[in-house]
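A.B. asks: Got a structure here, written out as structure tokens. Questions coming.
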Amino acid sequence: MKNMVLTLSLVLILASGTVFAQAQQEAADEELKLVLLVKSLGNGFFEAVADGGVEAAGELDNVTSIYMGPSTATAEGQIEIIESLIAQKVDGIAISANDPDALVPVTKKAMKAGIQVISFDSGISEGGRTIDLAPSAAELIGRQQVQLIAELVGYKGDIAILSATSQATNQNIWIEWMKEEIKKPEYKDMKIVETVYGDDAADKSYREAVGLMQKYPNLAGIISPTTVGVLAASKAIEDEGMKGKVQITGLGLPSEMQHYVENGTCGQMALWNPIDLGYTSTYILEALVTGKAEGKPGDKISVGRMGAVTVGEGGASIMGVPFVFNADNIAKFAAMF
Amino acid sequence: MRQFTILRAAIARREISLIILIGTLLALVTMRAPMFLSTDNIQRIVNDTVILIMVSLGQLLVILTGGIDLSVGSIIAFSGMSASLINQAQPAIPAALILLVGVLVGTALGMVNGAIVAFGKVPPIITTLGTMSIFRGFTFVISKGQWVTAHEMSQSYMNLPHGDFLGLTNLIWWGVLVSIVMIYFSTYTRSGREVYAIGGNATAARFVGVSERKIKFMIFTVSGFLSGLAGVMWTARYAAAVNETATGFELQTVAACVIGGVSIAGGSGTVAGVILGGLFIGIINNALPVINLSPFYQMFIQGFIVLLAMLINTLADRRQEKMLLGRRRS
Chain H
1 MKNMVLTLSL VLILASGTVF AQAQQEAADE ELKLVLLVKS LGNGFFEAVA DGGVEAAGEL
61 DNVTSIYMGP STATAEGQIE IIESLIAQKV DGIAISANDP DALVPVTKKA MKAGIQVISF
121 DSGISEGGRT IDLAPSAAEL IGRQQVQLIA ELVGYKGDIA ILSATSQATN QNIWIEWMKE
181 EIKKPEYKDM KIVETVYGDD AADKSYREAV GLMQKYPNLA GIISPTTVGV LAASKAIEDE
241 GMKGKVQITG LGLPSEMQHY VENGTCGQMA LWNPIDLGYT STYILEALVT GKAEGKPGDK
301 ISVGRMGAVT VGEGGASIMG VPFVFNADNI AKFAAMF
Chain X
338 MRQFTILRAA IARREISLII LIGTLLALVT MRAPMFLSTD NIQRIVNDTV ILIMVSLGQL
398 LVILTGGIDL SVGSIIAFSG MSASLINQAQ PAIPAALILL VGVLVGTALG MVNGAIVAFG
458 KVPPIITTLG TMSIFRGFTF VISKGQWVTA HEMSQSYMNL PHGDFLGLTN LIWWGVLVSI
518 VMIYFSTYTR SGREVYAIGG NATAARFVGV SERKIKFMIF TVSGFLSGLA GVMWTARYAA
578 AVNETATGFE LQTVAACVIG GVSIAGGSGT VAGVILGGLF IGIINNALPV INLSPFYQMF
638 IQGFIVLLAM LINTLADRRQ EKMLLGRRRS
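If you read the protein sequences in the order shown, they are chains H and X.
Per this note's numbering, residue 1 is the first one in the first sequence, and the count goes up by one each step.
Per this note's numbering, residue 338 is the first one in the second sequence, and the count goes up by one each step.
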């Protein structure tokens with residue numbers, strides 16, 4: 001597995017090198033040079049971001065996607081690269097920042113030089129970029145979790161939520177949205193019976209999941225919007241012999257959940273997809289560079305297969321609902337992140 | 338002779354009062370959640386508690402000498418992560434061999450603690466507070482912050498705790514084995530008795546020729562050994578080696594000891610008491626999710642019950658002392 005990731009990243013680095021060389025050759029043809037600057041090289045998540053950039057470049061006319069990043073995840077490394085990109089006069093840079101503030105002076109310099117700068121995944125402070133693209137929003141995540149479990153349990157039965165800690169802000173907002181979504185008529189035969197907290201510890205989450213199955217003999221499904229929880233609950237369902245009787249979904253990392261998704265314990269789960277992030281970022285950059293959009297609040301930017309992104313207050317934008325992983329696609333993504 | 342029987346009666350009472358406490362707790366929980374008292378569930382609780390008991394027995398030895406080992410949770414994480422990483426890299430290596438490596442890693446870390454305490458004369462609480470962070474840090478270093486999960490583990494590795502033998506899981510058998518060895522060690526071996534001697538009166542122990550250094554080095558090594566074993570079992574049981582594994586676990590092991598009647602000042606405490614203390618905590622851990630109590634109350638209840646159990650225990654002890662005094666007067 002490690003070796004595959006390694007070769008994959010080597011290939012990608014080589015590929016981005018040749019793309020870069022090509023870009024310089026074809027500069028005369030007025031190809032737009034759009035850079036995806038990531039936190040560090042050699043990270044499967046960002047290699048996948050690069051794939052998304054290449055995909056978008058293929059769909060858009062006259063765009064070359066360039067993938068860059070420092071060898072270690074430091075703000076200094078990114079600053080150096082941005083300096084060199086200003087010198088090379090690229091057209092746009094999308095950055096996953098190692099520090100929200102440290103990059104602001106240099107990105108301001110880049111914008112002054114006429115380069116469009118946006119941030120994605122890990123944002124840059126306002127003033128240092130036009131748009132910041134977040135992978136998803138609380139409402140989309142919460143509603144989607146209910147939709148996923150509904151599909152797994154056939155729109156009926158008792159549902160329980162296994163969260164992180166009772167104070168986890170993210171999870172609490174998502175859970176509020178889950179409770180909102182389940183009020184819709186199509187879920188009239190489903191009910192959220194309880195929310196329990198595994199404190200993001202494998203042993204406590206496991207115990208809580210076992211407890212849920214004991215307490216609610218008719219339990220149909222568990223939603224666990226936290227990577228530790230969804231993993232521990234899957235194991236608990238498997239150990240208790242409840243596979244097929246109790247369904248599980250949640251937010252999980254493909255590499256961690258591959259086993260349970262492939263053996264059917266977890267029918268489907270979600271998380272933001274790095275390919276989509278690279279793809280959408282490249283589309284937004286292209287729109288800004290070509291003047292199709294200005295990136296002002298309220299602007300709607302069309303982003304290919306991902307639909308449209310609406311620019312919010314302060315340039316904060318949201319990509320869309322998290323990507324759904326199932327037995328068919330998990331292996332591919334597990335190799336990346 | 339008479340004093341000896343009274344002493345034995347006192348020890349027995351300690352365990353009996355704990356058994357009564359556990360019975361009451363079980364009854365209370367079962368009233369709220371009837372399925373709690375099924376044989377299936379009892380076995381599930383025991384299985385869930387064995388790891389706590391094994392590590393608490395190591396903690397017992399350390400506490401008996403008047404020390405404390407705060408690094409057990411980190412040793413569990415590090416040895417569990419080491420074993421899982423080996424399993425991930427070379428799935429063909431037999432699980433038994435990986436178990437051995439994990440245990441040796443834990444033992445080595447325990448020796449580090451032991452050496453600093455015994456030869457560096459650093460107080461145990463300071464030593465293990467430091468190594469707690471160091472070992473946890475190393476866990477992140479070797480794992481590069483990544484987890485090892487089910488599909489990266491071999492089936493034989495995951496079967497280490499799960500496998501069945503005569504109707505009980507391997508994990509439970511490991512617990513039985515460790516308990517028997519510990520009972521034998523603490524009651525019938527010279528070194529075992531020396532552990533009590535140091536905790537009871539270090540000066541007197543030195544005068545009769547007990548090597549404090551040797552014993553302290555040994556108990557931390559044993560604690561590391563048991564934590565190493567627990568680490569491998571933990572990661573295999575949950576099929577996940579996470580960097581945060583067993584964070585805060587050290588306090589649970591101390592609680593198991595104290596509930597089991599181990600004196601935090603050293604010198605007194607039994608293996609049987611710690612096993613019961615561990616079971617008590619295990620029952621609470623497993624009961625809280627099923628008794629339909631707001632999660633916001635759970636932590637409060639857990640602390641409250643633990644404190645109450647200790648209070649009842651010490652009150653029982655005090656009555657015992659009074660009885661002893663009374664008899665002497667007559």
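Where a beta carbon is used, it is the ideal one built from N, C-alpha and C, also for glycine.
1. What residues in its chain sit with their C-beta under 8 Å from that of X/His-499, if we drop five residues either side in the sequence?
2. Quick check: what's the CA-CA separation for X/Val-595 versus X/Val-611?
3. Going along chain X in order, which residues have a C-beta closer than 7 Å to the C-beta of H/Glu-256?
4. Does any residue of chain H have a CB that is nearer than 8 Å to the CB of X/Phe-633?
5. Could you pull the DSSP bridge partners for H/Gln-247 from this structure?
6. Residues of the stretch 385-403 of chain X in Cβ contact with chain C at a cutoff of 9 Å, in chain order, please.
7. List the DSSP bridge partners of H/Lys-33.
8. Sort H/Gln-78, H/Asn-62 and H/Asp-61 by Cα distance to H/Gly-69 and report the nearest one.
9. Following the continuous beta strand (DSSP E) through H/Asn-326, name the residue where it begins and the one where it ends.
10. Residues of chain X with CB closer than 7 Å to the CB of H/Ser-166, please, in chain order.
11. Got a sec, what are the start and stop residues for the beta strand (DSSP E) H/Asp-132 sits in?
12. Give me the Cα-Cα distance between X/Val-672 and X/Gly-417, rounded to the nearest whole angstrom.
13. Terminal residues of the continuous beta strand (DSSP E) containing H/Lys-191?
14. Which residues does DSSP pair with H/Met-269 in a beta bridge?
15. With a CB to CB cut of under 7 Å and the five nearest residues on each side skipped, what residues in its chain are close to X/Ile-453?
16. Determine the direct distance from the alpha carbon of H/Ala-220 to that of H/Ile-237, and round the result to whole angstroms.
17. Taking the alpha carbon of X/Ala-592 as the point to measure from, which residue in X/Ala-578, X/Leu-645 and X/Ser-421 has its own alpha carbon closest?
18. Do H/Thr-130 and H/Ile-115 have their CB atoms nearer than 8 Å?
19. Contact criterion: CB-CB distance below 8 Å. Does H/Val-38 meet it with respect to chain X?
20. Would you say X/Pro-498 lies against chain H (beta-carbon separation less than 8 Å)?
21. Strictly below 9 Å CB to CB, what residues from chain H border X/Val-627?
22. Tell me, which residues are paired with H/Lys-300 by DSSP?
23. So, is the C-beta of X/Asn-580 closer than 8 Å to a C-beta in chain H?
24. Within the continuous beta strand (DSSP E) that includes H/Val-117, where are the two ends?
25. Taking Cβ-Cβ distances shorter than 9 Å, what residues in chain X pair up with H/Leu-271?
26. Reducing DSSP to helix, strand and coil, say where H/Ala-28 ends up.
27. Could you tell me which uninterrupted beta strand (DSSP E) segments, each at least 3 residues in length, are contained entirely in the stretch 157-187 of chain H, listed from first to last along the chain?
28. How many angstroms separate the CA atom of X/Gly-619 from the CA atom of H/Val-35?
29. So with CB distances below 9 Å, who are the chain H contacts of X/Ala-609?
30. Which bits of chain X does H/Leu-231 rub up against, with CB to CB less than 9 Å?
31. Compare the C-beta of X/Met-368 against all C-beta atoms of chain H and say whether one is closer than 8 Å.
32. Measure the Cβ-Cβ separation of X/Gly-585 and X/Gly-410 and say whether it is below 8 Å.
33. In this structure, what does DSSP give as the bridge partners for X/Leu-505?
34. Are the stretch 210-226 of chain H and the stretch 189-196 of chain H touching by the rule of at least three beta carbon pairs closer than 8 Å?
35. Assuming H/Glu-339 and X/Thr-486 form a contact by the criterion Cβ under 8 Å, report the distance between their Cβ atoms to the nearest whole angstrom.
36. Just tell me which of X/Leu-397, X/Ile-649, X/Ala-370 and X/Val-383 has its CA closest to the CA of X/Ser-560.
C.D. replies: So, to answer that:
1. Around X/His-499: Thr-506, Asn-507, Leu-508, Ala-573 and Arg-574.
2. Going by the C-alpha atoms only, they are around 8 Å apart.
3. The contact set of H/Glu-256 on chain X, defined by CB atoms closer than 7 Å, consists of Trp-484 and Thr-486 in chain order.
4. At least one CB of chain H lies nearer than 8 Å to the CB of X/Phe-633.
5. Bridge partners of H/Gln-247: H/Gly-221.
6. This model lacks chain C altogether; the protein chains it does include are H and X.
7. Per DSSP, the beta bridge partners of H/Lys-33 are H/Thr-64.
8. That would be H/Gln-78, whose Cα lies nearest to the Cα of H/Gly-69.
9. From DSSP, the beta strand (DSSP E) with H/Asn-326 extends over 323-326.
10. Within chain X, the residues placing a beta-carbon under 7 Å from that of H/Ser-166 are Pro-632 and Phe-633, ordered along the chain.
11. Judged by DSSP secondary structure, H/Asp-132 falls within the beta strand (DSSP E) whose first and last residues are 131-134.
12. The requested residue 672 of chain X is not part of the displayed model; chain X covers only 338 to 667.
13. From DSSP, the beta strand (DSSP E) with H/Lys-191 extends over 190-197.
14. Residue pairing by DSSP puts H/Met-269 in a beta bridge opposite H/Phe-325.
15. Closer than 7 Å at the Cβ level, and outside the excluded window around X/Ile-453, lie Val-459 and Thr-464.
16. In a straight line, the C-alpha of H/Ile-237 is about 11 Å away from that of H/Ala-220.
17. Measuring C-alpha to C-alpha distances from X/Ala-592 to each of X/Ala-578, X/Leu-645 and X/Ser-421 identifies X/Leu-645 as the nearest.
18. Between H/Thr-130 and H/Ile-115, the C-beta spacing is not below 8 Å.
19. Taking a beta-carbon distance threshold of 8 Å, H/Val-38 does not count as an interface residue toward chain X.
20. Interface residue (Cβ-Cβ distance to chain H less than 8 Å): X/Pro-498 is not classified as such.
21. Within chain H, the residues Val-210, Gly-211, Leu-212, Gln-214 and Lys-215 have their CB atoms less than 9 Å from the CB of X/Val-627, given in chain order.
22. Partner(s): H/Thr-310.
23. For X/Asn-580, the answer is no, since every Cβ of chain H falls outside 8 Å of its Cβ.
24. Counting along the chain, the beta strand (DSSP E) containing H/Val-117 begins and ends at 116-120.
25. Listed along chain X, no residue sits closer than 9 Å to H/Leu-271 by beta-carbon distance, the nearest being about 15 Å off.
26. Model confidence at H/Ala-28 stands at a pLDDT of 44, short of 50, so the residue's coordinates are unreliable; what they give is reported in the following sentence. For H/Ala-28, the secondary structure class from DSSP, reduced to helix, strand or coil, is helix.
27. DSSP runs (the beta strand (DSSP E)) wholly in the stretch 157-187 of chain H: 157-163.
28. Rounded to whole angstroms, X/Gly-619 to H/Val-35 spans 54 Å at the Cα level.
29. Identification of chain H residues near X/Ala-609 by a Cβ-Cβ cut-off of 9 Å yields none; the smallest Cβ-Cβ distance measures about 25 Å.
30. Those within 9 Å of H/Leu-231 in chain X are Trp-484, Thr-486, Ala-487, Tyr-575, Ala-576, Ala-577 and Val-579.
31. Interface with chain H (8 Å Cβ-Cβ cutoff): X/Met-368 is excluded.
32. Taking the C-beta atoms as reference points, X/Gly-410 is found nearer than 8 Å to X/Gly-585.
33. X/Leu-505 is bridged by DSSP to X/Phe-502.
34. Result yes; three or more Cβ-Cβ pairs closer than 8 Å.
35. In this structure chain H extends from 1 to 337, so residue 339 of chain H is not present and cannot be described.
36. Minimum Cα distance to X/Ser-560 is reached at X/Leu-397.
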